[in-house]
Amino acid sequence: PGLRIREVAHGERGLVTVSARRAWQRELLSVPLDHAFSAAECRQNASSLVMRIPVELRDRLARSHALLHLCFLEHYLFVKGESRFAPYLETMPASLSHLPLLTTVNISYVLEGSPLLGDILKHRRDLESLYEEIAWELPDFGQLVSLADFMHTYCMVESHSHAKHEGNESSPLMVPLLDLINHRSRGANLRLGGSAEGELRLAAHVGRHAIAEGDELFFTYSEENEASSKFFKQFGFVDEDLPVASKVSFPLRPHHPDYSSKRLLFDESLVHTKLMLERLGGDDAESYLGQNSGYRDFPKFVIWRCSPESAGFVAQTPEAAREELLPYARFVVFPRGAEALRTDCDVTKRPPACLRPLPPAEEAAAAQFLVEVVLEHIRRYPGSLEDDERMLLELSGKRSPAAPYLRIRCDERRCLSTLLQQVEGIAATTSEAPMQLPREPERTSRKPRSAPAVTTRELGYGYGWLVFLPALLALGCIGRSCWRRMCKAPRHIE
204 PGLRIREVAH GERGLVTVSA RRAWQRELLS VPLDHAFSAA ECRQNASSLV
254 MRIPVELRDR LARSHALLHL CFLEHYLFVK GESRFAPYLE TMPASLSHLP
304 LLTTVNISYV LEGSPLLGDI LKHRRDLESL YEEIAWELPD FGQLVSLADF
354 MHTYCMVESH SHAKHEGNES SPLMVPLLDL INHRSRGANL RLGGSAEGEL
404 RLAAHVGRHA IAEGDELFFT YSEENEASSK FFKQFGFVDE DLPVASKVSF
454 PLRPHHPDYS SKRLLFDESL VHTKLMLERL GGDDAESYLG QNSGYRDFPK
504 FVIWRCSPES AGFVAQTPEA AREELLPYAR FVVFPRGAEA LRTDCDVTKR
554 PPACLRPLPP AEEAAAAQFL VEVVLEHIRR YPGSLEDDER MLLELSGKRS
604 PAAPYLRIRC DERRCLSTLL QQVEGIAATT SEAPMQLPRE PERTSRKPRS
654 APAVTTRELG YGYGWLVFLP ALLALGCIGR SCWRRMCKAP RHIE
């Protein structure tokens, strides 16, 4: 009572209150759990797609919202008006072209250099692989459901689902009415939670501030400190109040001292996968993967976070450059053998870290390594930041669907520049010239024997070898299901 659905902007709907609400008001809006759409809706029907797939696959899909998607797909495409959720299904948007997984924008152009490009392309391939896997298990599935419908209904679920937590388990749900409430990461006036009646209802409660008559209702979709690029990938719009993040890979490479022994000191699963790739691919692997695949690199990934543009793109944890990256860089350049490494550095960490300063020339080499890697990432973006910002201004003026993607790229470049400032500051404090490391071997100009459909540059740094991994896993008699997974988490309810 006292709530209305209204068009709030550019065809978007929202929920507004027609009367004032006091602070901390409980259950402004609540929905019984049996009115929420979940995979349980299909588990009760032995002939449903959910129940026809093998138990092993069903259990795996239940760990994300993929099983919910399969159930929703069946109701949306086939059950339709006979579903008890028919009124809710009819509210689903006909077009979701603003979402990165479905956009017709040339993202390889507007996201060139951005790690987000690789994330989107990989997510698309994961979904295509899942579609093929289901079609393999259910031969009529490929005839009944097109890949386009599969992707479209997946995006409906991904952008409208919540997660209900019970102990250590999460159950993804689609909740009518609640998903009419729009998002704000700053200034949200509602919070989601349980009902005073127990766990039988999902409710939206008023927060610490009162809500005036006619105000739109908001709650926060994003997780705490979630990057704007990650949020954009799921919901298709840029939240200017979320932090900006740049993903940077600091790789141990074959030309670094004691590479063969140092690579064994990374995370066990990474070592296992990389060594298996080497054994199966042999010396000829680069002819398939391409000369810049990086499949022999052993990376340490760092998410460098900055405040949003409104706060000046200030690094959130600038001390991490000296306290986390520099100890790792010392490990990479450490030249005095495995025994000395175990004595001088903490090899129990994965990857190891050398917490104490090295001799001056080695310390300078570690700082130089950090600077070179950050510059390498910066150079992956095309042109200059000033060019990008001019283009963004032009696209924004035209309300081009490409503008949000370019905004992500510009923000990443601004944030990455703060990391460069930090590592250059470290390099400026070194007292001697850097120790000379062995030169990285020149890359050959030989073209890949069979170029993949997606270039390694589009995959993002450090992931090029993944193009070849599925075929190698098959050759190694490892089941196809072990490398397919759905990796996007739904929104959370406290």
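Residue numbers are given in the working numbering: position 277 of the sequence shown equals residue 480, and the series is strictly consecutive.
Yeah, the Cβ is synthetic: ideal placement off N, Cα and C, and Gly gets one too.
I need the DSSP call for R389, collapsed to helix, strand or coil.
Against the sequence shown, residue 389 aligns to sequence position 186. In the displayed model, R389 falls within coil according to three-state DSSP, outside both helix and strand.
Short check: CB of F438 to CB of L445, under 8 Å?
Along the sequence shown, one-based indexing puts residue 438 at 235. Along the sequence shown, one-based indexing puts residue 445 at 242. Against a cut-off of 8 Å, the Cβ pair of L445 and F438 comes out as no contact.
Less than 7 Å between C-beta atoms, sequence neighbours within five positions excluded: which residues of the same chain meet that for A338?
As a working note, residue 338 is residue 135 in the sequence shown. Excluding positions up to five away in sequence, the list reads F344 and G345.
What residues in its chain sit with their C-beta under 6 Å from that of V505, if we drop five residues either side in the sequence?
Within the sequence shown, residue 505 is the residue found at index 302, counting from 1. The answer, listed in chain order, is V451.
Taking T220 as part of the beta strand (DSSP E), name the residues at either end of that continuous run.
Along the sequence shown, read from residue 1 onward, the residue named residue 220 stands at position 17. Note, T220: beta strand (DSSP E), E215 to T220.
According to the neighbour-count rule (16 or more other Cβ atoms, all chains shown, within 10 Å of its Cβ), is E597 buried or exposed?
If you number the sequence shown from 1, residue 597 lands on position 394. Classification for E597: exposed.
Starting from the Cα of D591, find the closest Cα among L640, R207 and S317 and give me that residue.
For this step, residue 591 is matched to residue 388 along the sequence shown. Selected option, being the one with the closest Cα: S317.
Could you have a look at W339 and say whether DSSP puts it in helix, strand or coil?
In the sequence shown, counting from the first residue as 1, residue 339 sits at position 136. Residue state, collapsed to three classes: helix.
With a cut-off of 8 Å on the beta carbons, I'd call V577 and L529 a contact; round off their distance for me.
In the sequence shown, the residue the question calls residue 577 occupies position 374. In the sequence shown, the residue the question calls residue 529 occupies position 326. 13 Å between Cβ atoms; not a contact.
For P375, which residues in the same chain have their Cβ closer than 6 Å to its Cβ, ignoring the five residues on either side in sequence?
Looking up residue 375 in the sequence shown gives position 172. H268, L271, S364, A366 and P693.
Do Y608 and V313 have their CB atoms nearer than 8 Å?
In the sequence shown, counting from the first residue as 1, residue 608 sits at position 405. In the sequence shown, counting from the first residue as 1, residue 313 sits at position 110. Taking 8 Å as the Cβ cut-off, Y608 and V313 qualify as a contacting pair.
Return helix, strand or coil for G284, following the three-state DSSP convention.
Taking the sequence shown and counting its residues from 1, the one referred to as residue 284 is at position 81. G284: helix per DSSP, three-state reduction.
Tell me, please, whether the segment 466-475 touches the segment 552-559 by the rule of three or more beta-carbon pairs shorter than 8 Å.
yes
In whole angstroms, what is the alpha-carbon distance linking V378 and E335?
Taking the first residue of the sequence shown as position 1, residue 378 is located at position 175. Taking the first residue of the sequence shown as position 1, residue 335 is located at position 132. Near 29 Å, if we compare the C-alpha coordinates of E335 and V378.
Thinking just about the alpha-carbon of each residue, which of P303, P454 and R593 is nearest to the one in F440?
Along the sequence shown, one-based indexing puts residue 440 at 237. Nearest of P303, P454 and R593 to F440, Cα basis: P303.
Pop quiz: R582 and F516 are said to be a contact at Cβ under 8 Å. What is the actual Cβ separation, rounded to whole angstroms?
On the sequence shown, position 379 is the one that residue 582 refers to. On the sequence shown, position 313 is the one that residue 516 refers to. Not quite, the Cβ-Cβ distance comes to about 19 Å (not below 8 Å), so this is no contact.
Suppose you measure from the CA of G679 to the CA of K477; what does that come to, to the nearest Å?
Taking the sequence shown and counting its residues from 1, one reaches residue 679 at position 476. Taking the sequence shown and counting its residues from 1, one reaches residue 477 at position 274. Per-residue confidence for G679 stands at a pLDDT of 44, beneath the threshold of 50, marking its modelled position as unreliable; the derived number appears in the next sentence. Spanning the two alpha carbons is a distance of roughly 13 Å.
Please report how far the alpha carbon of G410 lies from the alpha carbon of L333, in whole angstroms.
Here the question's residue 410 lines up with position 207 in the sequence shown. Here the question's residue 333 lines up with position 130 in the sequence shown. Approximately 40 Å, taken between the alpha carbons.
Rounded to whole angstroms, what is the Cα-Cα separation between R246 and D237?
Counted from its first residue, the sequence shown places residue 246 at position 43. Counted from its first residue, the sequence shown places residue 237 at position 34. R246 and D237: Cα-Cα distance of roughly 14 Å.
Apply the 10 Å Cβ neighbour rule to Q571 and answer buried if 16 or more other Cβ atoms are within range, or exposed otherwise.
Along the sequence shown, one-based indexing puts residue 571 at 368. Of the residues assessed, Q571 falls on the buried side of the cut-off, its CB having 16 or more other CB atoms within 10 angstroms.
Suppose the cutoff is 6 Å on Cβ atoms and the five residues either side in sequence are ignored; what does the same chain contact list for S388 look like?
Taking the sequence shown and counting its residues from 1, the one referred to as residue 388 is at position 185. So the qualifying residues of the chain are T423, S425, D442, D444 and L445.
So, is F275 buried or exposed, given that buried needs 16 or more other C-beta atoms within 10 angstroms?
By one-based count along the sequence shown, residue 275 stands at place 72. The residue is buried, with at least 16 neighbouring Cβ atoms inside 10 Å.
Would you please verify whether the beta carbon of Y462 is less than 8 Å from any beta carbon of chain B?
Given the protein chain composition of this structure (a single chain), no chain B is represented.
Which residues in the same chain as Y664 place their Cβ atom closer than 6 Å to its Cβ, once the five residues preceding and following it in sequence are excluded?
Against the sequence shown, residue 664 aligns to sequence position 461. At Y664, the pLDDT of 41 sits below 50, so the modelled position is not reliable and the matter cannot be decided from this model.
Indicate whether the contact test is met: 3 or more Cβ pairs, each with one atom in the segment 557-570 and one in the segment 534-547, closer than 8 Å.
yes
Using the three-state DSSP reduction, which class does C557 fall into: helix, strand or coil?
Counted from its first residue, the sequence shown places residue 557 at position 354. In the structure shown, C557 sits in coil (DSSP, three-state: anything other than H, G, I, E or B).
Do A407 and L232 have their C-beta atoms closer together than 8 Å?
Counting from 1 along the sequence shown, the entry for residue 407 is found at position 204. Counting from 1 along the sequence shown, the entry for residue 232 is found at position 29. For A407 and L232, yes; Cβs fall inside 8 Å.
Are the Cβ atoms of A415 and A226 separated by less than 8 Å?
Walking along the sequence shown from the start, residue 415 turns up at place 212. Walking along the sequence shown from the start, residue 226 turns up at place 23. The answer is no: Cβ separation not under 8 Å.
What residue range is occupied by the uninterrupted alpha helix (DSSP H) comprising V574?
By one-based count along the sequence shown, residue 574 stands at place 371. Counting along the chain, the alpha helix (DSSP H) containing V574 begins and ends at P563 to I581.
Which stretch, first to last residue, makes up the alpha helix (DSSP H) that contains P454?
Translated into the one-based positions of the sequence shown, residue 454 becomes position 251. Annotation for P454: no alpha helix (DSSP H) segment contains it, though the beta strand (DSSP E) segment containing it runs V447 to L455.
When you compare only the Cα positions, how much space is there between V234 and L324?
Along the sequence shown, read from residue 1 onward, the residue named residue 234 stands at position 31. Along the sequence shown, read from residue 1 onward, the residue named residue 324 stands at position 121. In a straight line, the C-alpha of V234 is about 36 Å away from that of L324.
Quickly, what does DSSP pair D549 with across the bridge? List them, please.
The residue you call residue 549 lines up with position 346 of the sequence shown. Paired residues: A556.
V626: which of D614, D549, E526 and E565 sits nearest, CA to CA?
Residue 626 sits at position 423 when you count from the first residue of the sequence shown. Minimum Cα-Cα distance from V626 among the listed residues D614, D549, E526 and E565 corresponds to E526.
Hey, out of F353, L480, D614 and T633, whose CA is closest to D500's CA?
For this step, residue 500 is matched to residue 297 along the sequence shown. Taking the Cα of D500 as reference, the smallest distance to any Cα among F353, L480, D614 and T633 is reached at L480.
Verify the contact flag: S603, CB atom, against every heavy atom of the ligand SAH, threshold strictly below 7 Å.
What this structure holds is no ligand at all, so the ligand SAH is not there to describe.
Can you give the Cα-Cα distance for S510 and S620, rounded to whole angstroms?
Translated into positions along the sequence shown, residue 510 becomes position 307. Translated into positions along the sequence shown, residue 620 becomes position 417. Cα to Cα, the separation comes out at about 13 Å.
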